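Chains as they are written, first to last, in the numbering used here: chain A, 953 to 1253; chain B, 953 to 1253; chain C, 953 to 1253; chain D, 953 to 1253.
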């Protein structure tokens, strides 16, 4: 029996990069949180502290900032692909790269009803996320891209039921045919390839997810999630798989009976913890193996 | 020399109340975080543990939820006034009440371009805040109301300078005539009275703050804040005083020169800490004394 | 009626300074979060953007780091006094300075039972805090120092009652003679002068607070807080006033009756929100006026 | 091509359970954050909203609280095993269960130098974590247990080097032979079986991790992590694999040269983001396959 080094990687997490495009009077902004990680021949660093193969995490940071100017930053997916390809193609000991990105959205402020050219407020809503994973270089190169969103807080005040569930000796929950259903959605989708029109696809998927949440008469959060994933797959051939993670943000009907007040689903207490947590995957039955696509590096994605 | 009990109060903080109005097919939602605190004759509780004068914090909670149905919840200011008045008028030992409220905004989702009747996504942007302070009951009753907002993250990519500042032996900062100026604004305004059309005034003040931030050619964040406060006071007679607190969320121009890349205000690193923190008050010279209006109870407002 | 500039100040918040003393083989560490704010003649900056009187916040940062080496950093109170004095004495337009500091504690790790010379783990418990406020220079200089702690999470599993309270129509709470009482304590004390042996006084006050929390048979959190404050004032002549803020971190006895399980104060649910929040001041009846001592700049203290 | 339901599970996350043992005058406390998730035959819930096989997340919560009294809660590992076994053995549609637990440590307060029987302060330091995964019931039952810790903030003020690294066109980092090395460690270990003396093993592993961090002259964080993992495997036969994730919490030497002040590793700025992030696995070459042991459900572990 011997003790050995197993899977390992290292990188620079949470580079907070803002890119301003100011070639035109009307500026544009991209606001990112970028993490990079490398896999490769780094055993000597672990076993004997030899750094000869180790590109410093500081260098990964410099590269991320430099590429924000040198390369396209039109979409996080395209930018992440540039970064990941660079590491595996241009840095000899590197055999795999993972780039994870969050993008924060901004909206232009209105001045007398007209959009300002260079002032924005942060749109708080959901954060757009992406991951790019590349393994191998040259002809052996394989690429996985996922897109997604997180922190999309969505609530419906009716159209949600929960009844007919399994009852065991520890079950005290009452069934209901009308409740608030709310979540802070994380949705991620794996692309079948990297030849995608990233921005329209993102906008379209977000629209579908929200619409299905609104319109499905929900018998369980599970059902809603499945319908959301299915709608995405039906509409976008370039998507092979959808993963959804949805905390059930409980809104408990507040008991006002002691005060002689009727409460027909009007006053709720929002509880922080515990929360139900539902996770589901919807995919094509012929989807290629996911490989390392879902293997998260940081808590970012 | 004796040891005495000084100022004291107690209450229930952070009641997370959601109110759904469902009388019409098109539901409405109000999403609040409510804190209440009482002052009064509570010395016996401190000195000898006698609770006879102490209305439990649990009762304050029940009241906050009950009033969400029994009383108007059209605006947080009106609702807070109801709550505060109740405590000082109806609970004998109570001589003063403070209610602090945060309101989270939601926007209706679109389904096929049409607003849904009962599904919303949380608008992440700024949080609307208010505080109501009442002291004395009956003819002696005095009332202070503040409105405000927090977490309004706003950024301008040009139109901000900083130069001509004081230089001492510890000064190494370079002057600049063009920088990003970004903040996460807290703005609070004290009303001269409580006879206010709360929602339109809130919307109008928010609009003014954002517009002034965008349009003032800023020689310093101080100047921008003053102009924002002044604009509010000029437009709204019912506002006596404006207080602004603005962390300078530093966006540092990233040094790309080592890589032969020009960076003309295009690539920035967003730093978390430390941050400049500028605080200013703008008021009418004949404004009544603020009394306890600004005396915060929780970190909510 | 005119619009005027009211109270204002500015500074650099949350400088994260670590100071290593390495003159001896056994290193020492001080880990601080330092915020500085200045008051003075800054009207021109607000009114017309003239920065001639404005010492940049960046300079305040440089000074805070420089003083970590140039001046004593034996205690946060002594270091804060040096910083605050410097700003009011050496920077002409400055008439007042506020320094707020958090200190994070570390403890040496043991290697084979022996304390290591230069490795520590962060002690998570309470954070030591201090504020120094100076107004006026030369003979007019006045100084206020507060010490304190925050995030001291303390719990007693018995010895706490709550009954005999005021009952109104919204009261449903049941009285109890035995409950868990838990809080995340913030305690701050105002010194009567600045000629104090800071470290032993801090240690002694912390010890008293904890002991009184443990030993007082509590009829209400109010009573416990008062006894804690009184104990500090009785023991330390240099303390003029104690302020305590204690969220009641509710531990609700979990209802196991549906499962035929007795629960005699053994299984609890810890709730996040809402929470009771009790605040009390205990002081000497001849304490000098607090002036600006309690006027917080950041959320740090 | 068809759209299908893939991997899915659901449960109740973050049950905040406190257990007081009060059979003796000297009480004991266990403070937990428990999450449970189930896998099984839940396709009907997703596909058609049929809940007949779905044990509500509320029931999982009730069970977690009930077991805190009914079953042993001596260690989180033993308690988690009871919970997971119950779900797979006693709830027919359930084929797999995952339990993730955080435990917060408390230490007794001293009163006049003597440990109090029923008052504690929370030890802030590291959080102990565990996960239990069971698949199959009866003879087919397989069990995986991991232990671990997180949030162990550890720093050494010397004994850390970083030089000899790979240099590419984006490398500007200077090598160093003496720096601060600090991290907030996450360490998790997979047990070879479930017949373990949980508490002593936890204490022993924590001790080894800390000692190795202190004593290894570090040529890279990678090397330190490997040595930490190796020490655990050498000492504990019951551990098959160790995983370590270590953010490099950068302490940058502050440039005091502009002020004529020497800074020989004495004054540092602690930066929040970005941070290096190093992840390594150390294992026995004959370790059984990890199966689902590392497949996290929540952010807890």
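From the three backbone atoms N, C-alpha and C, an ideal C-beta is built for every residue, glycine too. Since we're looking at a predicted model, the values are computed, not measured.
> Is it buried or exposed for residue 1044(C), if we count other Cβ within 10 angstroms and need 16 for buried?
Replying inline: Burial is judged here by how many other beta carbons sit within 10 angstroms of a residue's own beta carbon; residue 1044(C) has fewer than 16 and is exposed.
> Contact check, residue 1171(D) vs residue 1001(A) under 8 Å by CB: the rounded distance?
Replying inline: Between the beta-carbon of residue 1171(D) and that of residue 1001(A) there is about 3 Å, and that keeps the pair under the 8 Å contact cut.
> Under a CB-based cut-off of 7 Å, is residue 1211(C) close to chain D?
Replying inline: Closer than 7 Å to some Cβ of chain D, the Cβ of residue 1211(C) qualifies, so yes.
>> With three or more beta-carbon pairs closer than 8 Å as the criterion, would you say the stretch 1101-1113 of chain B touches the stretch 1076-1083 of chain B?
In response: Verdict: yes, contact present.
> Looking at C-alpha atoms only, which residue of 1073(C), 1052(C), 1054(C) and 1081(C) is the closest neighbour of residue 1061(C)?
Replying inline: Answer by Cα proximity: 1073(C).
>> For residue 1082(B) and residue 1054(B), I'd like the C-alpha separation in whole angstroms.
In response: Straight-line Cα distance between these residues: approximately 7 Å.
> Does residue 978(A) get closer than 7 Å to chain B when you measure Cβ to Cβ?
Replying inline: By this cut-off, residue 978(A) is not an interface position.
>> Quick check: what's the CA-CA separation for residue 1222(D) versus residue 1017(C)?
In response: Between residue 1222(D) and residue 1017(C), the C-alpha separation is close to 11 Å.
>> Taking 8 Å as the limit between beta carbons, can you name the residues of its chain near residue 1034(C), skipping five residues before and five after?
In response: So the list reads 1019, 1023 and 1024, once near-sequence residues are dropped.
> Interface residues of chain A around residue 1225(C) at Cβ under 7 Å?
Replying inline: In chain order: 1224.
>> Taking the alpha carbon of residue 955(B) as the reference point, which residue from 1243(C), 1247(C), 1194(C) and 1218(C) has its own alpha carbon closest?
In response: Answer by Cα proximity: 1194(C).
> Checking contacts by CB at 7 Å: is residue 1124(C) closer than that to chain A?
Replying inline: The beta-carbon of residue 1124(C) is placed less than 7 Å from the nearest beta-carbon of chain A.
> Do you know offhand how far residue 1241(D)'s Cα is from residue 1144(D)'s?
Replying inline: Rounded to whole angstroms, residue 1241(D) to residue 1144(D) spans 10 Å at the Cα level.
>> If I measure Cβ to Cβ from residue 1094(B) and keep anything under 8 Å in the same chain, skipping five residues before and after, which residues do I get?
In response: Within the same chain, Cβ atoms closer than 8 Å to the Cβ of residue 1094(B) are found at 1086, 1087, 1088 and 1243, the five residues on either side in sequence being excluded.
>> According to DSSP, is residue 1227(C) part of a helix, a strand, or is it coil?
In response: When DSSP states are grouped into helix, strand and coil, residue 1227(C) belongs to the strand group.
>> Helix, strand or coil for residue 1178(C)? Go by DSSP, reduced to three states.
In response: DSSP places residue 1178(C) in the helix class (H, G or I) of the three-state scheme.
>> If I follow the unbroken beta strand (DSSP E) through residue 1204(C), where does it start and stop?
In response: It spans 1203-1205 - the beta strand (DSSP E) in which residue 1204(C) sits, taken as one unbroken run.
>> Please report whether the beta-carbon of residue 953(D) lies at a distance below 7 Å from any beta-carbon of chain A.
In response: Taking 7 Å as the CB threshold, residue 953(D) lines the interface with chain A.
>> Please identify, using Cβ separations under 8 Å, the residues of the stretch 1103-1137 of chain C that lie next to chain D, in order along the chain.
In response: Residues passing the 8 Å Cβ filter: 1103, 1104, 1105, 1106, 1107, 1108, 1109, 1110, 1111 and 1132.
>> Am I right that residue 1238(C) and residue 953(B) are in contact with their C-beta atoms under 8 Å? What's the rounded C-beta distance?
In response: With 8 Å as the limit, residue 1238(C) and residue 953(B) qualify as a contact, their Cβ atoms being about 5 Å apart.
> How close, in whole Å, do the beta carbons of residue 1163(A) and residue 1066(B) come, if the pair is a contact with beta carbons under 8 Å?
Replying inline: So it is not a contact: roughly 10 Å between Cβ atoms.
> Touch check for the stretch 1144-1157 of chain A and the stretch 1183-1202 of chain A: three-plus C-beta pairs under 8 Å?
Replying inline: Output reads yes: the stretch 1183-1202 of chain A touches the stretch 1144-1157 of chain A.
> According to DSSP, which residues form a beta bridge with residue 1031(C)?
Replying inline: In the DSSP output, where bridge partners are listed per residue, residue 1031(C) has none listed.
> What is the rounded straight-line gap between the Cα of residue 899(C) and the Cα of residue 1120(C)?
Replying inline: No answer is possible for residue 899(C): the residues shown for chain C start at 953 and end at 1253.
>> Along the stretch 1017-1044 of chain A, where does the CB come closer than 7 Å to a CB of chain B? Name the residues.
In response: Near chain B, meaning a CB-to-CB distance below 7 Å, the residues of the stretch 1017-1044 of chain A are 1017, 1018, 1020, 1021 and 1022.
>> On the DSSP bridge list, what partners appear for residue 1220(C)?
In response: In the DSSP assignment, the residues bridged to residue 1220(C) are 1205(C) and 970(D).
>> For the alpha helix (DSSP H) containing residue 1054(D), name the first residue and the last one.
In response: Segment 1046-1056 is the beta strand (DSSP E) holding residue 1054(D); no alpha helix (DSSP H) there.
> Assuming residue 988(D) contacts residue 1051(D) under a Cβ cut-off of 8 Å, what Cβ separation, rounded to an integer in Å, is found between them?
Replying inline: At roughly 5 Å, the Cβ-Cβ gap stays under 8 Å, so residue 988(D) and residue 1051(D) are in contact.
> So with Cβ pairs under 7 Å, would you call residue 1221(B) a contact of chain C?
Replying inline: Chain C contact via Cβ: absent.
> Nearest chain E C-beta to residue 1206(C) closer than 7 Å, yes or no?
Replying inline: Among the protein chains in the structure shown, which are A, B, C and D, there is no chain E.
> Are residue 1047(A) and residue 961(A) touching if we call contact CB-CB under 7 Å?
Replying inline: With contacts defined by Cβ atoms closer than 7 Å, residue 1047(A) and residue 961(A) do not form a contacting pair.
> What number of angstroms, rounded off, separates the C-alpha of residue 1220(C) from the C-alpha of residue 970(D)?
Replying inline: Spanning the two alpha carbons is a distance of roughly 5 Å.
> What are the partner residues of residue 1165(C), as DSSP defines its beta bridges?
Replying inline: Beta-bridge annotation (DSSP): residue 1165(C) is not paired with any residue.
> Taking buried to mean at least 16 other C-beta atoms within 10 Å of its own C-beta, is residue 1204(B) buried or exposed?
Replying inline: Per the 10 Å Cβ criterion, exposed.
>> Against residue 1070(C), what residues of chain D qualify as contacts under a CB-to-CB distance less than 7 Å, listed in chain order?
In response: Chain D residues near residue 1070(C): 1108, 1109, 1110 and 1111.
> When the Cα atoms are used, what is the spatial distance from residue 1176(C) to residue 1248(C)?
Replying inline: Looking at the two C-alpha atoms, the distance is approximately 25 Å.
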